[in-house]
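Be aware that the sequence shown starts at 1340, since it is given in the working numbering, and climbs by one per residue. As C-alpha coordinates, the structure follows; a few thoughts come after it.
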Amino acid sequence: MKAIVNVPICALLAAPTRESTLEDETLYGMVVDILEEPAPGWYRVRTHYRYEGIISADDLIVGDASADAWAALPKKIVRNKNFCDVLSAPKVQGWIMATLPRGGILSPVGQPEKGWQQVRLADGRTGYVPESILGEYHTAPLSQDEETLRQALVDAAMLYQGTHYRWGGKSPMGIDCSGLVSMAYMLCGILIYRDAHIMEGFPIHEISLKNVKPGDLLFFPGHVAMYLGQGRYCHSTGRSGDNGFALNSLNPGDPDYRADLKAAITQVGSYF
(Lines of atoms letter the chains of each structure in order from A and count residues from 1; the text may use other names and numbers.)
(Lines give C-alpha, C1' and ligand atoms only; values in the text may rest on other atoms or scores of the structure.)
Protein backbone atom coordinates (compact mmCIF):
# COMPACT_ATOMS: atom_id res chain seq x y z
CA MET A 1 0.00 0.00 0.00
CA LYS A 2 1.10 3.57 -0.68
CA ALA A 3 0.64 6.83 1.18
CA ILE A 4 1.26 10.54 0.65
CA VAL A 5 3.15 12.68 3.15
CA ASN A 6 0.57 15.25 4.28
CA VAL A 7 2.59 17.41 6.69
CA PRO A 8 5.31 19.91 5.74
CA ILE A 9 8.15 17.90 7.33
CA CYS A 10 7.47 14.34 8.39
CA ALA A 11 9.74 12.54 10.88
CA LEU A 12 11.08 9.16 9.78
CA LEU A 13 11.87 7.51 13.10
CA ALA A 14 13.81 4.51 14.35
CA ALA A 15 10.92 3.23 16.51
CA PRO A 16 7.15 3.83 16.80
CA THR A 17 7.29 6.65 19.33
CA ARG A 18 7.73 10.43 18.99
CA GLU A 19 10.69 10.19 21.39
CA SER A 20 12.60 7.90 19.04
CA THR A 21 15.75 8.87 17.14
CA LEU A 22 15.14 10.89 13.98
CA GLU A 23 16.53 8.82 11.11
CA ASP A 24 15.38 11.02 8.21
CA GLU A 25 12.65 13.42 7.16
CA THR A 26 10.20 13.01 4.32
CA LEU A 27 8.75 16.17 2.82
CA TYR A 28 5.28 17.25 1.83
CA GLY A 29 3.82 15.48 -1.19
CA MET A 30 6.32 12.61 -1.28
CA VAL A 31 4.80 9.17 -1.84
CA VAL A 32 5.96 6.29 0.37
CA ASP A 33 5.35 2.54 0.35
CA ILE A 34 3.87 1.11 3.54
CA LEU A 35 5.72 -2.07 4.54
CA GLU A 36 4.06 -2.97 7.85
CA GLU A 37 2.28 -1.58 10.92
CA PRO A 38 4.67 -2.20 13.85
CA ALA A 39 2.30 -0.58 16.37
CA PRO A 40 -1.19 0.96 16.23
CA GLY A 41 -1.01 4.33 14.50
CA TRP A 42 2.49 3.76 13.11
CA TYR A 43 3.78 2.50 9.75
CA ARG A 44 7.16 1.29 8.60
CA VAL A 45 7.63 2.83 5.17
CA ARG A 46 10.07 2.91 2.28
CA THR A 47 10.64 6.24 0.54
CA HIS A 48 11.04 6.70 -3.21
CA TYR A 49 14.79 7.06 -2.56
CA ARG A 50 14.79 3.61 -0.86
CA TYR A 51 15.22 4.65 2.75
CA GLU A 52 13.17 2.98 5.47
CA GLY A 53 11.82 4.15 8.81
CA ILE A 54 8.71 4.56 10.89
CA ILE A 55 6.12 7.31 10.37
CA SER A 56 3.04 8.30 12.33
CA ALA A 57 -0.18 7.45 10.50
CA ASP A 58 -1.39 10.95 11.42
CA ASP A 59 1.14 12.41 8.96
CA LEU A 60 -0.06 10.42 5.94
CA ILE A 61 -2.90 10.13 3.45
CA VAL A 62 -3.10 6.34 3.20
CA GLY A 63 -4.39 4.46 0.17
CA ASP A 64 -3.25 3.35 -3.26
CA ALA A 65 -6.02 5.22 -5.06
CA SER A 66 -5.09 8.57 -3.49
CA ALA A 67 -1.36 8.00 -3.94
CA ASP A 68 -1.72 6.91 -7.57
CA ALA A 69 -3.97 9.86 -8.39
CA TRP A 70 -1.47 12.24 -6.78
CA ALA A 71 1.47 10.62 -8.58
CA ALA A 72 -0.27 11.10 -11.93
CA LEU A 73 -0.59 14.89 -11.53
CA PRO A 74 2.00 17.39 -12.83
CA LYS A 75 4.44 18.51 -10.15
CA LYS A 76 6.48 21.50 -9.01
CA ILE A 77 8.63 21.83 -5.91
CA VAL A 78 9.33 24.60 -3.47
CA ARG A 79 12.88 25.50 -4.45
CA ASN A 80 13.86 29.16 -4.54
CA LYS A 81 13.04 30.09 -0.93
CA ASN A 82 13.53 28.16 2.29
CA PHE A 83 9.76 28.02 2.84
CA CYS A 84 6.61 28.89 0.94
CA ASP A 85 3.13 29.76 2.21
CA VAL A 86 0.26 28.27 0.26
CA LEU A 87 -2.39 31.00 0.36
CA SER A 88 -6.14 30.91 -0.09
CA ALA A 89 -6.10 33.66 -2.74
CA PRO A 90 -3.55 35.05 -5.24
CA LYS A 91 -2.54 37.91 -2.96
CA VAL A 92 -0.28 38.26 0.05
CA GLN A 93 -3.30 38.93 2.25
CA GLY A 94 -4.70 35.42 1.66
CA TRP A 95 -4.90 33.16 4.69
CA ILE A 96 -2.17 30.57 5.08
CA MET A 97 -3.33 27.07 4.20
CA ALA A 98 0.09 25.44 4.61
CA THR A 99 3.74 26.40 4.89
CA LEU A 100 6.02 24.06 2.98
CA PRO A 101 9.83 23.73 3.03
CA ARG A 102 12.21 23.55 0.11
CA GLY A 103 11.66 20.16 -1.52
CA GLY A 104 7.94 20.08 -0.74
CA ILE A 105 5.87 18.94 -3.71
CA LEU A 106 2.80 20.66 -5.15
CA SER A 107 0.72 20.15 -8.29
CA PRO A 108 0.33 23.24 -10.51
CA VAL A 109 -3.16 24.00 -11.82
CA GLY A 110 -3.16 25.86 -15.13
CA GLN A 111 -0.67 28.57 -16.00
CA PRO A 112 0.69 31.32 -13.73
CA GLU A 113 -1.22 34.58 -13.74
CA LYS A 114 0.26 37.89 -12.60
CA GLY A 115 3.06 36.12 -10.76
CA TRP A 116 0.82 33.63 -8.93
CA GLN A 117 0.54 29.90 -9.54
CA GLN A 118 -2.57 28.04 -8.47
CA VAL A 119 -1.57 24.71 -6.90
CA ARG A 120 -3.26 21.58 -5.67
CA LEU A 121 -2.36 20.14 -2.29
CA ALA A 122 -2.14 16.42 -1.61
CA ASP A 123 -5.54 16.45 0.11
CA GLY A 124 -7.21 18.00 -2.94
CA ARG A 125 -7.49 21.58 -1.73
CA THR A 126 -6.24 24.34 -4.00
CA GLY A 127 -4.35 27.48 -3.12
CA TYR A 128 -1.83 29.94 -4.54
CA VAL A 129 1.92 30.48 -4.30
CA PRO A 130 4.28 33.00 -5.90
CA GLU A 131 5.32 31.36 -9.15
CA SER A 132 8.93 32.51 -8.70
CA ILE A 133 9.37 30.31 -5.60
CA LEU A 134 8.65 27.10 -7.47
CA GLY A 135 11.12 24.95 -9.38
CA GLU A 136 10.90 21.97 -11.68
CA TYR A 137 10.30 18.58 -10.10
CA HIS A 138 13.07 16.53 -11.68
CA THR A 139 12.75 12.75 -11.77
CA ALA A 140 15.81 12.42 -14.03
CA PRO A 141 19.06 14.42 -14.12
CA LEU A 142 18.18 18.00 -15.05
CA SER A 143 20.91 18.09 -17.71
CA GLN A 144 22.96 15.61 -19.71
CA ASP A 145 25.79 18.15 -19.89
CA GLU A 146 28.30 17.32 -17.16
CA GLU A 147 29.48 20.86 -16.49
CA THR A 148 25.89 22.15 -16.27
CA LEU A 149 24.86 19.36 -13.92
CA ARG A 150 27.90 19.79 -11.68
CA GLN A 151 27.17 23.50 -11.30
CA ALA A 152 23.51 22.76 -10.58
CA LEU A 153 24.52 20.38 -7.77
CA VAL A 154 26.76 23.01 -6.21
CA ASP A 155 24.06 25.68 -6.53
CA ALA A 156 21.48 23.36 -4.93
CA ALA A 157 23.74 22.61 -1.95
CA MET A 158 24.45 26.30 -1.44
CA LEU A 159 20.71 26.97 -1.09
CA TYR A 160 21.00 25.55 2.44
CA GLN A 161 23.61 28.05 3.57
CA GLY A 162 22.62 29.35 7.00
CA THR A 163 20.73 26.18 8.00
CA HIS A 164 21.45 24.83 11.46
CA TYR A 165 22.42 21.21 12.15
CA ARG A 166 19.72 18.64 12.83
CA TRP A 167 20.50 14.94 13.09
CA GLY A 168 18.33 13.26 10.46
CA GLY A 169 17.20 16.61 9.03
CA LYS A 170 16.90 17.46 5.35
CA SER A 171 15.10 20.80 5.25
CA PRO A 172 15.85 24.47 5.98
CA MET A 173 14.47 23.82 9.48
CA GLY A 174 17.64 21.79 10.10
CA ILE A 175 19.84 19.51 8.06
CA ASP A 176 22.58 16.94 8.60
CA CYS A 177 25.54 16.11 6.39
CA SER A 178 23.96 13.41 4.26
CA GLY A 179 20.65 15.25 4.24
CA LEU A 180 22.41 18.22 2.65
CA VAL A 181 24.12 16.33 -0.15
CA SER A 182 21.22 13.96 -0.83
CA MET A 183 18.79 16.89 -1.07
CA ALA A 184 21.12 18.76 -3.42
CA TYR A 185 21.19 15.71 -5.68
CA MET A 186 17.43 15.15 -5.35
CA LEU A 187 16.69 18.73 -6.38
CA CYS A 188 18.70 17.99 -9.54
CA GLY A 189 16.81 14.76 -10.28
CA ILE A 190 19.32 12.24 -8.89
CA LEU A 191 18.60 9.87 -5.99
CA ILE A 192 21.70 8.96 -3.99
CA TYR A 193 22.02 7.02 -0.75
CA ARG A 194 20.73 8.96 2.26
CA ASP A 195 23.56 8.06 4.65
CA ALA A 196 27.21 9.13 4.71
CA HIS A 197 28.82 6.36 2.71
CA ILE A 198 28.86 4.91 -0.79
CA MET A 199 26.21 2.21 -1.15
CA GLU A 200 26.12 -0.38 -3.90
CA GLY A 201 23.07 0.01 -6.10
CA PHE A 202 23.12 3.82 -5.94
CA PRO A 203 24.76 6.04 -8.59
CA ILE A 204 27.81 7.26 -6.63
CA HIS A 205 31.08 5.44 -7.33
CA GLU A 206 34.54 5.87 -5.85
CA ILE A 207 37.16 8.03 -7.55
CA SER A 208 40.59 9.33 -6.61
CA LEU A 209 40.90 12.56 -4.60
CA LYS A 210 43.19 13.93 -7.31
CA ASN A 211 40.29 13.68 -9.77
CA VAL A 212 37.68 15.40 -7.61
CA LYS A 213 35.51 18.03 -9.31
CA PRO A 214 32.63 20.29 -8.26
CA GLY A 215 29.57 18.30 -7.21
CA ASP A 216 31.58 15.24 -6.15
CA LEU A 217 31.40 13.99 -2.57
CA LEU A 218 34.04 13.74 0.14
CA PHE A 219 33.47 10.97 2.68
CA PHE A 220 34.82 10.83 6.21
CA PRO A 221 34.00 8.45 9.08
CA GLY A 222 30.27 9.09 9.61
CA HIS A 223 30.34 12.32 7.60
CA VAL A 224 30.05 13.59 4.01
CA ALA A 225 30.65 16.90 2.23
CA MET A 226 30.22 18.28 -1.29
CA TYR A 227 33.27 19.50 -3.17
CA LEU A 228 32.77 22.99 -4.64
CA GLY A 229 35.99 23.48 -6.58
CA GLN A 230 39.34 25.20 -5.90
CA GLY A 231 39.89 23.06 -2.82
CA ARG A 232 36.68 24.17 -1.11
CA TYR A 233 33.73 22.13 0.16
CA CYS A 234 30.45 22.59 1.99
CA HIS A 235 28.93 20.34 4.62
CA SER A 236 26.57 20.37 7.59
CA THR A 237 28.21 19.64 10.90
CA GLY A 238 27.25 19.54 14.56
CA ARG A 239 30.74 20.73 15.49
CA SER A 240 30.68 23.44 18.13
CA GLY A 241 31.12 26.82 16.48
CA ASP A 242 29.68 25.64 13.18
CA ASN A 243 26.42 23.98 14.27
CA GLY A 244 25.13 23.60 10.73
CA PHE A 245 26.03 24.48 7.16
CA ALA A 246 29.75 25.25 6.91
CA LEU A 247 32.28 26.13 4.23
CA ASN A 248 35.80 24.78 4.60
CA SER A 249 38.94 24.23 2.58
CA LEU A 250 41.37 21.46 1.74
CA ASN A 251 44.08 24.08 1.20
CA PRO A 252 46.41 24.47 4.24
CA GLY A 253 46.92 28.17 3.51
CA ASP A 254 43.23 29.05 3.77
CA PRO A 255 41.84 30.40 7.07
CA ASP A 256 39.02 27.84 7.06
CA TYR A 257 41.29 24.87 6.39
CA ARG A 258 40.49 21.89 8.61
CA ALA A 259 43.47 19.58 8.84
CA ASP A 260 41.44 17.08 10.86
CA LEU A 261 38.93 16.57 8.08
CA LYS A 262 41.46 16.46 5.27
CA ALA A 263 43.37 13.75 7.13
CA ALA A 264 40.17 11.82 7.74
CA ILE A 265 38.95 11.50 4.13
CA THR A 266 38.14 7.84 3.55
CA GLN A 267 36.62 7.98 0.05
CA VAL A 268 35.74 10.36 -2.74
CA GLY A 269 32.55 9.67 -4.65
CA SER A 270 31.24 10.82 -8.01
CA TYR A 271 28.07 10.46 -10.03
CA PHE A 272 30.01 11.19 -13.24
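C-beta atoms are modelled at their ideal positions from N, C-alpha and C, and glycine is treated no differently. Just so it is clear, the structure is predicted and the values come from calculations on it, not from any experiment.
What does DSSP give as the partner residues of residue i in its beta bridges?
i: P1469; result: W1455
i: W1381; result: A1378 and S1395
i: P1347; result: According to DSSP, P1347 bridges with nothing at all.
i: M1565; result: L1556 and C1573
i: E1362; result: Answer by DSSP bridge pairing: none, since E1362 is not bridged.
i: S1526; result: In the sequence under discussion, the amino acid at residue 1526 is Leu, which differs from the Ser named in the question. Bridge partners of L1526: none, in fact.
i: T1438; result: D1424
For residue i and residue j, I'd like the C-alpha separation in whole angstroms.
i: E1475; j: I1531; result: 19 Å
i: L1556; j: Q1432; result: 43 Å
i: L1351; j: L1548; result: 33 Å
i: W1434; j: I1400; result: 23 Å
i: I1416; j: P1440; result: 9 Å
i: Y1367; j: Q1569; result: 36 Å
i: D1484; j: P1377; result: 45 Å
i: W1617; j: A1598; result: Outside the displayed range of the chain (1340 to 1611) lies residue 1617, so it cannot be described from this structure.
i: V1607; j: E1545; result: 6 Å
i: F1422; j: A1496; result: 16 Å
i: A1411; j: A1535; result: 32 Å
i: T1356; j: P1379; result: 11 Å
i: Y1382; j: P1511; result: 25 Å
i: G1454; j: S1471; result: 7 Å
Under the rule that 16 or more other beta-carbon atoms within 10 Å means buried, what is residue i, buried or exposed?
i: Q1456; result: buried
i: V1347; result: One detail in the question is off: residue 1347 reads as Pro in this sequence, not Val. P1347 should be labelled buried.
Are at least three pairs of beta-carbons, each pair with one atom in the stretch 1488 to 1505 and one in the stretch 1582 to 1590, less than 8 Å apart? yes
What are the complete beta strand (DSSP E) segments, minimum 3 residues, inside the stretch 1464 to 1522? 1465 to 1469 and 1473 to 1475
Counting pairs of Cβ atoms below 8 Å between the stretch 1556 to 1565 and the stretch 1513 to 1529, do you hit three or more? yes
I want to know whether the stretch 1357 to 1373 touches the stretch 1387 to 1400 - three or more CB-CB distances under 8 Å. yes
In the stretch 1400 to 1433, which residue ranges form an unbroken beta strand (DSSP E) of at least 3 residues, counting only runs that do not cross its ends? 1415 to 1417 and 1422 to 1426
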